[in-house]
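Residue numbers (our numbering): 48 to 131.
See the structure below:
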């Protein structure tokens, strides 16, 4: 298991426990480096820097439902056409 996978598993456990994010450190003795942060971002996770060597890992954003988005856009167009 890579450090990236370990952080993702820890985040999933934190979310199941009721926490919306996971804090982790990057540095010489942590096993996490800049490459771990970039790997998490490439996988679609939101990572924000909250300190000199501390980061906060958030869950992936939910992908929008395209059918629902289409219906909402259609309703907006109908409302605009009717002048409501």
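C-beta: ideal position from N, C-alpha, C; glycine also.
Close Cβ partners of residue 70 (< 8 Å) along its chain, the five nearest in sequence each way excluded: Your numbering for residue 70 matches position 23 in the chain shown. Cβ neighbours of residue 70 beyond the five flanking positions: 97, 101, 102, 103 and 104.
Ranges of the beta strand (DSSP E) found wholly within the segment 58-108, counting only runs of at least 3: Counting only runs of 3 or more, we get 68-72, 93-96 and 101-105.
CA-to-CA distance, residue 79 to residue 107, given in whole angstroms: Along the chain shown, one-based indexing puts residue 107 at 60. Along the chain shown, one-based indexing puts residue 79 at 32. Cα to Cα, the separation comes out at about 20 Å.
Neighbourhood of residue 94 by C-beta distance below 8 Å, restricted to the same chain and skipping five residues each side: Working through the chain shown from its first residue, we reach residue 94 at position 47. Excluding sequence neighbours, residue 94 sits near 84, 87, 88, 102, 103, 104 and 105.
Top-ranked residue by Cα proximity to residue 73, from 99, 124 and 62: Position 26 of the chain shown, counting from 1, holds the residue named residue 73. For residue 73, the nearest C-alpha among the options comes from 99.
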